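K.L.:
286 is the number that our numbering gives to position 221 of the sequence shown; each next residue is one higher, with no gaps.
Note that beta-carbon positions come from the ideal geometry of N, C-alpha and C, so glycine has one too.
Fair warning: this is a prediction, and the values are worked out from it, not measured in the lab.
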Amino acid sequence: EVLGLAENFPLAFYKSQEAAGSELPHAPQAWENKKKTEEQQAANAERQAEEDSVTNQSSEGEGVQPVTGMTEIYPLYPKEILLTQQLIRHGEEIICTDTLEDGSTYDVSVAEFIHDDLSVDGLEFSVPLFKRVLDELMANLGSPGFQASRYFLHHEDVEVSTLAAELIGDRYELSAIFKASTSIQEIVPHLLNDYKLAIVERRLKVTLSKLKDPTIANNPELSRKIMEEYNMLIAARKAIAKQLGERVVAQ
Numbered sequence: 066e067v068l069g070l071a072e073n074f075p076l077a078f079y080k081s082q083e084a085a086g087s088e089l090p091h092a093p094q095a096w097e098n099k100k101k102t103e104e105q106q107a108a109n110a111e112r113q114a115e116e117d118s119v120t121n122q123s124s125e126g127e128g129v130q131p132v133t134g135m136t137e138i139y140p141l142y143p144k145e146i147l148l149t150q151q152l153i154r155h156g157e158e159i160i161c162t163d164t165l166e167d168g169s170t171y172d173v174s175v176a177e178f179i180h181d182d183l184s185v186d187g188l189e190f191s192v193p194l195f196k197r198v199l200d201e202l203m204a205n206l207g208s209p210g211f212q213a214s215r216y217f218l219h220h221e222d223v224e225v226s227t228l229a230a231e232l233i234g235d236r237y238e239l240s241a242i243f244k245a246s247t248s249i250q251e252i253v254p255h256l257l258n259d260y261k262l263a264i265v266e267r268r269l270k271v272t273l274s275k276l277k278d279p280t281i282a283n284n285p286e287l288s289r290k291i292m293e294e295y296n297m298l299i300a301a302r303k304a305i306a307k308q309l310g311e312r313v314v315a316q
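Printed below as a string of structure tokens:
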């Protein structure tokens, strides 16, 4: 399915929220990481010169295809490219600290956060290149001195390195609702919820079309099941929208 959407979504979404014990995908204490963020910002400044030099080498008119063209094939492309941008720019950075049942804690990277949050809802990127970026990040996180931006900028596959140059540059920027000082602790969960909301909205359109189908309308049992799915999607949309508030990232 082009959406990369599991059949049990949004049921899995509810279960993940219940297990988390909060409205965010991870425990509330996970967001107290300002010091680590500041340290990572210093490290980012150190490698910025190298990234800029590679970015400037990308030829004008080349690189990843325009959003307007890709959305015809992958409707969720505008949402997924923003998440992929966070992966390439900040994939190895620590976004939060999670707590195990025994009380011990462990650091969670941006890549792990996005991967786990999608997995718990049975989701994956619909764009193969974006899925590859996430998969390679997960496979390389444990490597000493690993930096996502450097890894992808110097990738042997020109399609991957070109994508990295595009996303590290200024071509794809977040909505103006995010200030320059907004932390990844706020941006990443927001983009994830915005992505899930787009998936739910698309499923709602499909479900409504089914309900209008005379064949289904004349089948009480099938009609009941589709109505249950519709009500579940409406509830999921309400729950995600509550988390997003008024801050929905523009396409």
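Taking contact to mean at least 3 C-beta pairs separated by less than 8 Å, is the stretch 164-184 in contact with the stretch 271-289?
P.N.:
No, they do not touch.
K.L.:
Is the beta carbon of Leu256 closer than 7 Å to that of Leu148?
P.N.:
Here the question's residue 148 lines up with position 83 in the sequence shown. Here the question's residue 256 lines up with position 191 in the sequence shown. For Leu148 and Leu256, yes; Cβs fall inside 7 Å.
K.L.:
Taking buried to mean at least 16 other C-beta atoms within 10 Å of its own C-beta, is Ala282 buried or exposed?
P.N.:
Reading the sequence shown from its first residue, position 217 is the one you call residue 282. It is exposed - the Cβ of Ala282 has fewer than 16 other Cβ atoms within 10 Å.
K.L.:
Would a C-beta distance cut-off of 7 Å place Glu157 and Phe211 closer than the cut-off?
P.N.:
As a first step, residue 157 must be located in the sequence shown, where it is residue number 92. As a first step, residue 211 must be located in the sequence shown, where it is residue number 146. Contact flag set, yes.
K.L.:
If you drop the 5 nearest sequence neighbours on each side, which residues of the same chain put their C-beta closer than 6 Å to that of Asn258?
P.N.:
For this step, residue 258 is matched to residue 193 along the sequence shown. These residues qualify, in order along the chain: Ile305, Gln308, Leu309.
K.L.:
Quick one: grab the DSSP three-state call for Val192.
P.N.:
As a working note, residue 192 is residue 127 in the sequence shown. Of the three classes helix, strand and coil, the one that applies to Val192 here is coil, per DSSP.
K.L.:
If you draw a straight line from the alpha carbon of Glu145 to that of Met135, how long is it in whole angstroms?
P.N.:
Working through the sequence shown from its first residue, we reach residue 145 at position 80. Working through the sequence shown from its first residue, we reach residue 135 at position 70. In a straight line, the C-alpha of Glu145 is about 11 Å away from that of Met135.
K.L.:
Measure the Cβ-Cβ separation of His8 and Leu199 and say whether it is below 7 Å.
P.N.:
The structure shown does not extend to residue 8, since the chain spans only 66 to 316, so no value can be given for it.
K.L.:
Are there 16 or more other CB atoms within 10 angstroms of the CB of Pro254, so buried, or fewer, so exposed?
P.N.:
Indexing the sequence shown from 1 puts residue 254 at position 189. When all chains shown are included, Pro254 counts as buried.
K.L.:
Measuring alpha carbon to alpha carbon, tell me which residue in Ile264, Ser288, Ala176, His220 is nearest Ala301.
P.N.:
Position 236 of the sequence shown, counted from the first residue, corresponds to residue 301. The candidate whose alpha carbon is nearest that of Ala301 is Ile264.
K.L.:
Buried or exposed for Ile138, please, with buried defined as at least 16 other CB atoms from any protein chain shown within 10 angstroms of its CB.
P.N.:
In the sequence shown, residue 138 corresponds to position 73, counting from 1. Burial call: exposed.
K.L.:
Taking all protein chains shown into account, do 16 or more other C-beta atoms lie within 10 angstroms of the C-beta of Ala176, making it buried, or fewer, making it exposed?
P.N.:
Within the sequence shown, the letter at position 111 stands for residue 176. Ala176 is buried by the Cβ-count criterion.
K.L.:
Look at the Cβ atom of Ile160, then the Cβ atom of Val173, and state whether they are nearer than 7 Å.
P.N.:
As a position in the sequence shown, residue 160 is number 95, starting the count at 1. As a position in the sequence shown, residue 173 is number 108, starting the count at 1. Their beta carbons are under 7 Å apart, which means Ile160 touches Val173 by this criterion.
K.L.:
Grouping DSSP H, G and I as helix and E and B as strand, with all else coil, what is Val227?
P.N.:
Here residue 227 corresponds to residue number 162 of the sequence shown, with the count starting at 1. The sequence shown places Thr at residue 227, rather than the Val named in the question. The answer is helix: DSSP assigns Thr227 an H, G or I state.
K.L.:
Compare the beta carbon distance of Phe217 and Ala204 with 7 Å and say whether it is the shorter of the two.
P.N.:
Within the sequence shown, numbered from 1, the residue matching residue 217 stands at position 152. Within the sequence shown, numbered from 1, the residue matching residue 204 stands at position 139. Not a contact, by the Cβ cut-off of 7 Å.
K.L.:
Give the range of the alpha helix (DSSP H) segment to which Val160 is assigned.
P.N.:
The residue you call residue 160 lines up with position 95 of the sequence shown. According to the sequence displayed, residue 160 carries Ile and not Val. Segment 159-164 is the beta strand (DSSP E) holding Ile160; no alpha helix (DSSP H) there.
K.L.:
Whose CA, out of Pro279, Thr280, Leu287, Arg268, lies closest to the CA of Met297?
P.N.:
Working through the sequence shown from its first residue, we reach residue 297 at position 232. Here the closest residue by C-alpha is Arg268.
K.L.:
Mapping the DSSP letters down to three states, classify Ser118 as helix, strand or coil.
P.N.:
Indexing the sequence shown from 1 puts residue 118 at position 53. Low confidence applies to Ser118: its pLDDT is 44, below 50, so where it sits in the model is not reliable, and the reading given next is rough at best. Note: Ser118 maps to helix in three-state DSSP.
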